[in-house]
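Written below as structure tokens is the structure these notes are about.
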């Protein structure tokens, strides 16, 4: 349990398996995503959710999911699976160009694949993306 500084004195927030750090001198916790999902791109630790959130800021992207694949230069490289809006003609190159200059270059997916859906497990709080299966799919698709 982690104390929530913005709640009542008796309230607490669950940390779960999330990666978090206490803001240096800021007095708040910064959540960066689940440790097991964190990508090690070069010497940077990258939460897939950071990349996914940025990709979904594009008006033609409905959902985005990022997994890491082995890369000889980067250690691990991000690959994006994107569900585009109905009728969208968005390409992977256009989406990567949308990222340039707005997010760090090492966070830009090396490959963007457009899909109708991703593997999911039904749950009581909504479907959970099966990231392990998505990563296996990325490895099978011979990412450069």
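Residue numbers (the working numbering): -14 to 129.
Heads up, the beta-carbon is just placed ideally off N, CA and C, and yes, glycines get one too.
From a predicted model like this one, the values you see are computed outputs, not experimental measurements.
The C-alpha of residue 32 lies about 30 angstroms from the C-alpha of residue 72. Distances from the alpha-carbon of residue 123 to those of 87, 30 and 62 put 62 closest. Look at residue 104 here: in three-state DSSP terms it is coil, with no helix or strand label. The C-alpha of residue 99 is placed about 5 angstroms away from the C-alpha of residue 67.
Here residue 45 is near residue 75, since their CB atoms are less than 8 angstroms apart.
Rounded to the nearest whole angstrom, the CA to CA distance from residue 94 to residue 109 is 31 angstroms. In this chain, residue 63 is not harboured by any alpha helix (DSSP H); it is covered by the beta strand (DSSP E) spanning 60 to 69. Burial state of residue 65 is buried, judged by a 10 Å Cβ sphere holding 16 or more other Cβ atoms.
Distance between residue 121 and residue 26, taken at the CA atoms: about 18 angstroms. Annotated as distal: residue 104 and residue 92, with beta-carbon spacing of 8 angstroms or more.
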